[in-house]
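> For what it's worth, my numbering labels the leading residue of the sequence shown as 260, then goes sequentially.
A virtual CB, placed ideally from N, CA and C, is assigned to each residue, including glycine.
Keep in mind that this is a model prediction, so the values were computed, not measured.
Provided herewith is a single structure, encoded as structure tokens, for subsequent inquiry.
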Amino acid sequence: MGDDTPERPAPDSARRWREDLDSWAIPPDILAAAPETPWGCPTGLFARAAEEALAEREEAPSPSLQRALEALPEGGSVLDVGAGGGAASLPLCPPAASVTAVDQSPGMLAAFAERAEQLKIDHAEVEGLWPAVAATVGPADVVVCHHVLYNVGDIVPFVVALTGHARRRVVVEITAEHPQSSLNALWKRFHGNVRPTRPTAADAAAVLAELGLDVGIEEFEAAPRWHDHDRAELVAFTRRRLCLPAERDVEIDAVLEPPGPRRSVTLWWSGEAGEAPKWSGAAG
Ligand SMILES: C[S@@+](CC[C@H](N)C(=O)[O-])C[C@H]1O[C@@H](n2cnc3c(N)ncnc32)[C@H](O)[C@@H]1O
């Protein structure tokens with residue numbers, strides 16, 4: 260963003276988004292007793308997600324893939340923000356010929372690069388937090404960002420930077436409900452803790468609308484992720500999220516439901532790369 264970008268206070272919906280995300284903070288006593296950080300994403304699971312997305316493209320492309328594919332020119336470029344293993348972008352090649360992956364995790368970027376290399380896709384990786392690294396990244400025909408928004412408290416500059424990097428279209432996918440919602444019953448069971456339910460995808464859409472973006476919205480049922488994955492790895496992932504020690508794995512294994520279909524939402528809008536930004540939303 261240039262220095263002359265007009266700044267305005269974040270809209271009410273963005274303040275609400277941040278407050279609702281903050282309400283997911285883990286109670287300090289539970290966090291202090293956690294044997295390992297409950298946050299972070301296991302690289303293996305997200306490399307697997309990319310495999311599943313590549314297979315899904317052949318069978319029944321999701322609305323998110325369709326919305327990106329219809330905006331991509333032959334030989335076009337994709338920028339994947341919060342790329343993980345590349346589930347949002349690798350299935351777009353072809354028609355796309357190149358993908359730039361941005362992720363804060365070097366492990367995810369390594370998994371992405373390895374798979375892109377195998378698929379003979381022209382690729383580049385940028386390690387860092389979006390939008391902090393956005394100024395070092397060039398524009399692309401289509402910008403995709405799947406399953407990242409619920410990590411982003413400061414949603415306005417994040418979205419503004421996505422929009423400013425897309426020549427044609429931005430495609431965002433998130434679950435209809437906060438991704439941790441599926442663990443709410445387990446939080447109650449293991450900690451007696453009642454977890455929040457907002458924000459939701461509808462709240463994200465409200466922010467985008469308040470930013471003046473003309474957003475397409477499609478809700479759909481995404482295939483379960485990792486349904487045939489190693490059960491022990493899913494239990495370990497859940498145990499970590501619940502701040503529990505490994506000795507509780509047997510109890511978790513007994514009550515953890517296998518991954519089911521996920522209500523998901525595709526949000527898409529026109530890119531503005533090359534246009535003057537409407538406003539940065541950096542204030543507030
Ligand atoms: C839930 S995973 C989703 C990965 C992939 N997009 C997918 O759909 O399978 C979220 C990814 O976003 C990355 N991430 C989260 N917030 C980020 C940010 N602000 N900037 C860059 N990467 C971010 C994480 O490291 C992780 O790899």
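Could you tell me if the beta carbon of Gly533 falls within a distance shorter than 6 Å of some heavy atom in ligand 1?
Taking the sequence shown and counting its residues from 1, the one referred to as residue 533 is at position 274. No - ligand 1 has no heavy atom lying nearer than 6 Å to the Cβ of Gly533.
> Between the C-alpha atoms of Asp279 and Ala370, what's the straight-line distance to the nearest angstrom?
Residue mapping note: residue 279 aligns to position 20 of the sequence shown, counting from 1. Residue mapping note: residue 370 aligns to position 111 of the sequence shown, counting from 1. Between Asp279 and Ala370, the C-alpha separation is close to 32 Å.
> With 16 other CB atoms within 10 Å as the buried threshold, where does Pro265 fall?
The residue labelled residue 265 in the question sits at position 6 within the sequence shown. Caution applies to Pro265, whose pLDDT of 48 falls short of 50 and renders its modelled position unreliable; the model cannot decide the point.
> Using only the heavy atoms of ligand 1, determine whether one of them is closer than 6 Å to the beta carbon of Gly341.
The residue given as residue 341 occupies position 82 in the sequence shown. Checking the Cβ of Gly341 against ligand 1 gives yes.
> Since Trp527 sits in a beta bridge, which residues does DSSP pair it with?
Indexing the sequence shown from 1 puts residue 527 at position 268. Answer is Val430, Gly475, bridged to Trp527.
> Would you call Leu290 buried or exposed, if buried means 16 or more other Cβ atoms sit within 10 Å of its Cβ?
Translated into positions along the sequence shown, residue 290 becomes position 31. Classification for Leu290: exposed.
> What is the C-beta distance between Met367 and Phe305, in whole angstroms, given that I count them as a contact (C-beta under 8 Å)?
One-based indexing of the sequence shown puts residue 367 at position 108. One-based indexing of the sequence shown puts residue 305 at position 46. Sure, about 6 Å apart at Cβ, within 8 Å.
> Which partner residues does Leu338 have in the DSSP bridge list?
Numbered from its first residue, the sequence shown carries residue 338 at position 79. The partner list for Leu338 (beta bridge, DSSP) reads Thr359, Val402.
> Three or more C-beta pairs under 8 Å: does that hold for the region 344-361 against the region 415-422?
As far as the Cβ criterion goes, the region 344-361 does not touch the region 415-422, which means the pair count is below three.
> I believe Val474 touches Trp389 by the beta-carbon criterion, under 8 Å. Please report the beta-carbon distance rounded to the nearest angstrom.
Residue numbering aside, residue 474 sits at position 215 when the sequence shown is read from its first letter. Residue numbering aside, residue 389 sits at position 130 when the sequence shown is read from its first letter. That pair is no contact at about 19 Å.
> To the nearest angstrom, report how far apart Gly387 and Arg454 are at their CA atoms.
On the sequence shown, position 128 is the one that residue 387 refers to. On the sequence shown, position 195 is the one that residue 454 refers to. Approximately 30 Å between the Cα atoms of the pair.
> List the DSSP bridge partners of Val385.
Reading the sequence shown from its first residue, position 126 is the one you call residue 385. Bridge partners of Val385: Val361.
> How would you label Asp262, buried or exposed, when you count the other beta carbons within 10 angstroms and need 16 or more for buried?
If you number the sequence shown from 1, residue 262 lands on position 3. At Asp262, the pLDDT of 43 sits below 50, so the modelled position is not reliable and the matter cannot be decided from this model.
> With DSSP as the reference, label Ala481 as helix, strand or coil.
Stepping through the sequence shown from its first residue, residue 481 is reached at position 222. The answer is strand: DSSP assigns Ala481 an E or B state.
> If you run the structure through DSSP and keep just helix, strand and coil, what is Ala425?
Taking the first residue of the sequence shown as position 1, residue 425 is located at position 166. Ala425 falls in the strand class under three-state DSSP.
> Does any heavy atom of ligand 1 sit closer than 6 Å to the C-beta of Asp413?
Taking the first residue of the sequence shown as position 1, residue 413 is located at position 154. No; taking the cut-off as 6 Å, the Cβ of Asp413 has no heavy atom of ligand 1 nearer than that.
> Start and end of the alpha helix (DSSP H) containing His450?
In the sequence shown, residue 450 corresponds to position 191, counting from 1. 443-450 is the span of the alpha helix (DSSP H), which, as asked, contains His450.
> Decide if Gly540 is buried, meaning its Cβ has at least 16 other Cβ atoms within 10 Å, or exposed.
Here residue 540 refers to the residue found at position 281 when the sequence shown is read from its first residue. Caution applies to Gly540, whose pLDDT of 45 falls short of 50 and renders its modelled position unreliable; the value that the coordinates give is listed next. Its Cβ being crowded by 16 or more others within 10 Å, Gly540 is buried.
> Closer than 6 Å by C-beta to Ala375: which residues in its own chain qualify, once you throw out the five before and the five after it? Chain order, please.
The sequence position of residue 375 within the sequence shown is 116, counting from 1. Excluding positions up to five away in sequence, the list reads His382.
> Tell me the DSSP bridge mates of Arg498?
For this step, residue 498 is matched to residue 239 along the sequence shown. Answer is none; Arg498 lacks a bridge partner.
> With distance defined between alpha-carbon atoms, name the residue in Gln439, Glu432, Glu531 nearest to Ser323.
To locate residue 323, count along the sequence shown from 1; it is residue 64. Of the listed residues, the one whose Cα sits closest to Ser323 is Glu432.
> Just verifying my parser: in three-state terms, what is the DSSP assignment at Glu436?
Counting from 1 along the sequence shown, the entry for residue 436 is found at position 177. Three-state result, Glu436: strand.
> In chain order, what residues of the same chain have a beta carbon less than 6 Å from the beta carbon of Val392, not counting five sequence neighbours either side?
Mapped onto the sequence shown, residue 392 falls at position 133. Here the set comprises Val385.
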